[in-house]
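One structure is given here, and the rest of the page talks about it.
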Amino acid sequence: MYSEKVMNHFSNPRNAGVIKNADGIGEVGNPVCGDMMAFYIKVKDDMLEDVKYQTFGCVAAIAVSSIVSEMAKGKTLIEAKSITKNVVTDSLDGLPKEKKHCSNLGAEALAKAIKDYEGKKSD
Amino acid sequence: MDHASATPVKKQVIESMIPYFDQYFGNPSTVYDMGSKIKKVIEEQRSNVSQLIGAKPEEIVFTSSGAEANNLAIKGVALARKKKGKHIIISTIEHHSVINSARFLERMDFEITFLPVDKYGMVNPAHLSRVITPETVLVSIMHANNEIGTIQATPELADICREKGVLFHTDAVASVGNIPVDVNVLNVDLLSLSGVSLGGPKGIGALYFRNNLRLMPLIHGGIQEMGRRGGTENVPGIVGLGKASELAVEELTDKMNHLQKLRKCLVDGIHEKIGHAKLTGHPEKRLPGHASFCIEAIEGESLIYTLTHEGIYSNTGSACASKALKTSPVLMSIGIPPDIAQGSVVFTMNNNNRIEEVKYVLEKLSIAVAKLRALSPIWRKKISS
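Going down the list, the sequences are from chains A and B.
With our numbering applied, the first sequence covers 1 to 123.
With our numbering applied, the second sequence covers 1 to 385.
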């Protein structure tokens with residue numbers, strides 16, 4: 001059902017965890033509908049110095065979080081914003097049809113974390 | 001550890017079937033001697049299956065599966081009795097083959113009442129008694145549930161129906177071969193069973209119907225199965241089911257004792273090693289080899305895949321694991337909130353499982369749950385609060 005790449009990220013999730021005193025936090029989903037993700041970012045000179053996350057959900061949800069963190073880490077904020085659902089699906093060598101939307105929340109959670117950071121900065 | 005989905009076909013069963021693929025391949029309906037010999041074999045198997053459930057051979061019709069047996073029971077009775085009434089009662093935790101047969105009849109102007117269950121998955125007999133109307137022609141309540149293991153008070157439910165002159169069907173696919181099932185003790189009019197859960201082959205099931213009860217056939221064809229089901233008989237399948245039934249009778253007591261020990265070890269172990277894990281279904285009135293839990297703050301599909309890596313196959317009622325992305329209706333029916341139902345895991349054991357395997361499952365399950373909880377934002381909130 002899942003690609004090898006999905007299974008690889010699911011079995012060995014990269015960058016999992018929480019950043020204490022994160023510069024931005026993005027939480028999406030809720031456990032009732034299925035998946036829930038929280039992304040934490042540390043920003044330095046408009047670069048994502050560190051990206052971590054916690055995920056409650058299925059195999060796809062965990063793999064999505066892992067690959068999004070890997071793709072975003074070390075990128076500029078502008079680059080990180082170009083990570084979309086489709087980019088995530090492609091880089092995982094595809095996702096099962098029914099999982100493409102509900103479990104593919106990583107990009108959204110990351111974008112929310114960046115927005116949170118930008119909001120805080122402009123305050 | 002997922003024997004509710006399928007059981008391995010026993011060696012003796014496979015051996016009994018083989019001659020009927022090539023050596024005795026004839027069509028039982030033919031008039032020459034090969035046909036009549038095979039016909040005789042089918043009748044012997046009918047007798048074996050009937051003995052497994054305390055029925056008479058002529059009260060058994062072979063079907064292609066437990067699902068077809070359920071279809072035939074629900075639709076076959078409803079269509080044969082529609083002049084008498086158009087009301088059917090089923091529980092909310094029935095197998096899809098029962099629920100969707102009822103839904104089909106709903107589209108044909110039948111009225112369906114869905115009986116709720118309590119937190120253990122039990123139907124309340126008094127409640128059943130209240131919803132039966134003069135229009136009711138059939139009640140279908142499963143004997144044991146495959147997802148939560150709960151065994152209903154079937155004789156009590158069936159007695160109510162008998163008193164009121166309403167036919168009672170039970171889906172016994174999950175229970176036959178795992179606990180004693182006798183149609184007279186249960187007092188049922190119709191009962192479905194399947195080879196899949198009995199150490200028999202897939203593609204074969206049977207429906208018991210009491211004393212020449214009238215059933216509208218769903219598969220129209222020749223007069224096979226006394227006109228109740230057309231189509232050339234699945235002879236190897238029937239032979240396999242007959243053999244599996246024979247063996248199931250012999251091994252039942254030992255199997256139950258063995259499975260109860262395994263279940264106790266598994267359930268106690270989960271309670272001991274994994275906190276915030278809730279047993280689903282009835283704590284005592286449950287199938288001997290059935291242990292089902294909802295483990296908080298993790299999701300079932302992730303857990304199943306993690307265990308698969310360790311060579312452990314299990315099942316889940318999590319929404320994420322279903323194609324429709326919906327929480328199992330059974331877990332909803334027993335009042336489990338959707339977020340907790342996400343952590344559903346179901347272990348169903350068979351007599352080929354050993355205590356060492358259960359211990360191995362406990363060890364790997366603890367590791368898997370710890371790994372997923374470390375990733376879970378819900379768990380983090382839970383332990384910090």
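For glycine and all other residues, C-beta sits at the position ideal for the given N, C-alpha and C.
With a cutoff of 8 Å on beta-carbon distance, residue 296 of chain B and residue 367 of chain B are scored as not near each other. Annotated three-state conformation of residue 142 of chain B is coil, per DSSP. Residue 355 of chain B sits away from residue 264 of chain B, with the two beta carbons spaced by 8 Å or more. Between residue 93 of chain B and residue 66 of chain B, the gap from beta carbon to beta carbon reaches 8 Å or more. Residue 91 of chain A and residue 6 of chain B have their C-alpha atoms spaced approximately 36 Å apart.
Taking 7 Å as the cut-off between beta carbons, the residues of the segment 366–377 of chain B near chain A are 375, 376, 377, in sequence order.
One Cα belongs to residue 87 of chain B, the other to residue 112 of chain B, and the distance between them is close to 6 Å. Counting C-beta pairs closer than 8 Å gives three or more between the segment 302–320 of chain B and the segment 370–380 of chain B, which meets the contact rule.
Interface residue (Cβ-Cβ distance to chain B less than 8 Å): residue 55 of chain A is classified as such. Residue 118 of chain B carries a coil assignment under DSSP once its states are collapsed to helix, strand and coil. Residue 65 of chain A is a Cβ neighbour of residue 37 of chain A, given a cutoff of 8 Å. Chain-order list of chain B residues neighbouring residue 38 of chain A: 377, by C-beta distance under 7 Å. Bounds of the alpha helix (DSSP H) holding residue 360 of chain B are 355–375. Between the C-alpha atoms of residue 33 of chain B and residue 141 of chain B there is a straight-line separation of about 43 Å. Across the structure, residue 12 of chain B and residue 315 of chain B are spaced so that their CA atoms are roughly 28 Å apart. Any Cβ of chain A closer than 8 Å to the Cβ of residue 51 of chain B would place that residue at the interface, and such an atom is absent. Cα atoms of residue 19 of chain A and residue 377 of chain B: separation of roughly 13 Å, rounded to the nearest angstrom. Close to chain B, meaning a Cβ-Cβ distance shorter than 9 Å, are the following residues of the segment 6–37 of chain A: 7, 10, 11, 13, 16, 17, 18, 27, 30, 31, 32, 33, 34, 35, 36, 37.
Of all alpha-carbon atoms in B/236, B/45, B/144, the one lying nearest the alpha-carbon of residue 287 of chain B is that of B/144. Identification of chain A residues near residue 305 of chain B by a Cβ-Cβ cut-off of 7 Å yields 10, 59, ordered along the chain. Residue 60 of chain A places its beta carbon 8 Å or farther from that of residue 114 of chain A. Across the set B/345, B/291, B/320, B/46, the C-alpha of B/345 shows the shortest separation from the C-alpha of residue 307 of chain B. By the criterion of a C-beta distance shorter than 7 Å, residue 38 of chain B is surrounded in its chain by 24, 26, 28, 235, once the five residues flanking it on both sides are discounted. Taking a Cβ-Cβ cut-off of 8 Å, the neighbours of residue 62 of chain A in chain B comprise 302, 375, given in sequence order. Given a length threshold of 4 residues, each whole run of the alpha helix (DSSP H) inside the segment 25–53 of chain B is given here in chain order: 33–52. Counted as a single uninterrupted DSSP element, the alpha helix (DSSP H) harbouring residue 250 of chain B occupies residues 235–273. Residue contact check for residue 98 of chain A against chain B: a CB pair falls below 8 Å. DSSP places residue 20 of chain B in the helix class (H, G or I) of the three-state scheme. Annotation: the continuous beta strand (DSSP E) that includes residue 27 of chain A extends over 24–29. A distance below 6 Å between beta-carbons, with the five flanking residues on each side excluded, links residue 46 of chain A to the following residues of its chain, in chain order: 76, 77. When Cβ-Cβ separations below 8 Å define contact, residue 225 of chain B makes no contact with chain A. From the beta-carbon of residue 380 of chain B, the residues of chain A found nearer than 8 Å are 18, 54. Using a CB distance cut-off of 8 Å, residue 96 of chain B does not count as an interface residue toward chain A. It is roughly 8 Å from the alpha-carbon of residue 317 of chain B to the alpha-carbon of residue 343 of chain B. As the crow flies, the alpha-carbon of residue 228 of chain B is around 5 Å from that of residue 217 of chain B. Between the alpha carbons of residue 82 of chain A and residue 57 of chain A lies a distance of about 24 Å.
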